[in-house]
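11 is the number that the numbering used here gives to position 11 of the sequence shown; each next residue is one higher, with no gaps.
No residue lacks a Cβ here, since even glycine has one placed at the ideal position from N, Cα and C.
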Amino acid sequence: MPLAILHHPDFQANLSPGHRFPMGKYGLIAKFLVEDGLIAPGEFIVPEPVEFDQAVLAHDTDYVRQVFTASVDGRIAREIGFDISPAVAMRARLSSGASLLAGKLALERGIATSTAGGSHHARRSQGAGFCVFNDVGIAAANLLAAGEAKHILVFDCDVHQGDGTADIFRSEDRVVTISIHSEKNYPVRKVASTLDVGLPDDVGDDAYHEVVEDTLSRAIAFGAPDLVFYNAGVDPHEDDRLGRLALSSHGLALRDRAVISFFRQRGISVACVQGGGYSSDAAEAARRHTIIHHVAAEFAG
Numbered sequence: 001m002p003l004a005i006l007h008h009p010d011f012q013a014n015l016s017p018g019h020r021f022p023m024g025k026y027g028l029i030a031k032f033l034v035e036d037g038l039i040a041p042g043e044f045i046v047p048e049p050v051e052f053d054q055a056v057l058a059h060d061t062d063y064v065r066q067v068f069t070a071s072v073d074g075r076i077a078r079e080i081g082f083d084i085s086p087a088v089a090m091r092a093r094l095s096s097g098a099s100l101l102a103g104k105l106a107l108e109r110g111i112a113t114s115t116a117g118g119s120h121h122a123r124r125s126q127g128a129g130f131c132v133f134n135d136v137g138i139a140a141a142n143l144l145a146a147g148e149a150k151h152i153l154v155f156d157c158d159v160h161q162g163d164g165t166a167d168i169f170r171s172e173d174r175v176v177t178i179s180i181h182s183e184k185n186y187p188v189r190k191v192a193s194t195l196d197v198g199l200p201d202d203v204g205d206d207a208y209h210e211v212v213e214d215t216l217s218r219a220i221a222f223g224a225p226d227l228v229f230y231n232a233g234v235d236p237h238e239d240d241r242l243g244r245l246a247l248s249s250h251g252l253a254l255r256d257r258a259v260i261s262f263f264r265q266r267g268i269s270v271a272c273v274q275g276g277g278y279s280s281d282a283a284e285a286a287r288r289h290t291i292i293h294h295v296a297a298e299f300a301g
C-alpha cells in the first residue's frame, strides 16, 4: 500500500508580501512530491476542516470562536505573527483536520504524513509563534476522546521547543510530550514537556543523531504508545533563517529514518507532520520538507 499523504490546496493562505513566514512553501511541497514521482496529483488524501466541537477539546472555547469567526483579538494576532483572515482561519482548521486524519490512517496502516501541521506554539488559551491552532493537540485530544487511541506520544524535532503542546497536555497522563530543540531559541519562556532536550548552538549531524538515539530510548521508557505524532520540522537545518543548529539535508533524512524505524520496528504507528522550516526562498524550504515524505515512504506498505 502506498504512503498516505494528506494535502489540501488551502494549506496555503495569502499573507503580506515579504512576510517571514514562508506560506508559499505548502503548494510547492505537493508539487515537488509529484515531480519526484512519489505520488500522482490525484492520489493525495484531502482532509476536512475540524469542526468547533473538535477544536475545543484542545483550545479554550472563546479562542476557538474567535478563530472560526476570523475575529481574533489584535494582541493575540500580534503574538501569532499575522492577522487571522477567513482564509488563515480555514487553513488552521484544515491543518488540524489533516493531522487528525493522519493519526487515524497511521493507526490503520502504520504510517501517514501531512504536508502541513506541527503548529506546536498554540497553547490552550491562544495561538502564538505563527501557530493558530495546535493541530497535533486537537488531533490527539480527539483520538483519545473517541477511544481510538489510549496512549499517545508527541515526538517533536522542530528546532523550537513545543511549548503549546506541553501546555495543552500538562495534566493529561495519556499523552507524553518530548521536544528536542535549540535551547536558546524561541520561545523564551518554555513550558515543560514530559521530556525536554535543549541543545546548544551549532550542533551538527553526528552529535544530533546521538541525541536522537538517546532520546528515543528514553521515550520508550514512558511506555509504548498506540500512536506517535512526529513533528519533522526542518528548521534544525544549517541554512534555516530561524534555527540555531547545523544539520545538513542528509542529517535531516537520517533523523527522520531513525525516528520512524525505531517506532515501526516496535509495531507503533507514526503520523508525521511538517513542522517549521524558514527560508527566504520558499522552494528551498519546500524541498527540505519533502524529505520526511520520501523517508516515510520507505516504511509504507
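So within the region 105-159, which uninterrupted beta strand (DSSP E) runs reach at least 3 residues, ignoring any that extend past its ends?
111-114, 152-156
Near V72, which residues of its chain fall below 7 Å by C-beta distance, leaving aside the five closest residues on each side in sequence?
Q66, I84
Please state if the CB of T115 and the CB of A232 are separated by a distance shorter than 9 Å.
no
Would you mind reading off the limits of the alpha helix (DSSP H) that contains L227?
Taken as a continuous stretch (DSSP letters only), L227 belongs to no alpha helix (DSSP H), being part of the beta strand (DSSP E) at 227-231.
Count the other CB atoms, across all protein chains shown, that sit within 10 Å of the CB of A141; report buried if there are 16 or more and exposed otherwise.
buried
Look at the Cβ atom of L101, then the Cβ atom of A112, and state whether they are nearer than 9 Å.
yes
Which two residues bound the contiguous beta strand (DSSP E) that contains T177?
175-182
Just to confirm, are Q54 and I180 a CB contact at a threshold of 9 Å?
no
Classification of K25 by the beta-carbon crowding that lies within 10 angstroms, buried from 16 upward
buried
Would you report the Cα separation of E238 and R244, rounded to the nearest angstrom?
8 Å
According to DSSP, which residues form a beta bridge with D196?
S179
Should P225 be labelled buried (16 or more other beta-carbon atoms within 10 Å of its own) or exposed?
buried
Using a threshold of 9 Å, state whether the C-beta atoms of A300 and R170 are closer than that.
Result no, Cβ atoms of A300 and R170 do not sit closer than 9 Å.
Between P22 and the ligand FMN, is the CB less than 8 Å from at least one heavy atom?
In the structure on display, the ligand FMN does not appear, and there are no ligands present to speak of.
Could you check if S96 is buried or exposed, using at least 16 other CB atoms within 10 Å of its CB as the buried criterion?
When all chains shown are included, S96 counts as buried.
I want to know whether the region 127-135 touches the region 146-153 - three or more CB-CB distances under 8 Å.
no
Closest Cα partner of L6 within the set Q274, V176, I80
Q274
How close, in whole Å, do the beta carbons of I178 and D201 come, if the pair is a contact with beta carbons under 8 Å?
About 21 Å separates the two Cβ atoms, so there is no contact after all.
Classify S217 as buried or exposed, calling it buried when 16 or more other Cβ atoms lie within 10 Å of its own Cβ.
exposed
Across the region 160-176 and the region 121-129, are there enough close Cβ pairs to call them in contact, namely three or more that are closer than 8 Å?
yes
Return the chain-ordered list of same chain residues with a C-beta closer than 7 Å to the C-beta of P47, the five sequence neighbours on each side being excluded.
L6, H8, L94, G97, A98, L101
Please classify F222: is it buried, with 16 or more other beta-carbons within 10 angstroms of its beta-carbon, or exposed?
In the assembly as shown, F222 is an exposed residue. Its beta-carbon has fewer than 16 other beta-carbons within 10 Å.
According to DSSP, G275 sits in a beta bridge with which residue or residues?
G275 is not bridged to any residue.
If you draw a straight line from the C-alpha of L195 to the C-alpha of F229, how long is it?
One alpha carbon belongs to L195, the other to F229, and they sit about 15 Å apart.
Out of L33, R20, E183, state which residue places its alpha-carbon closest to the alpha-carbon of S280.
When only C-alpha atoms are compared, the closest one is R20.
Paired residues, beta bridge with I5 - DSSP
T113
Assumed close pair Y208, L242 - CB separation to whole angstroms, cut-off 8 Å:
The C-beta separation of Y208 from L242 comes to about 17 Å, leaving the pair out of contact by the 8 Å criterion.
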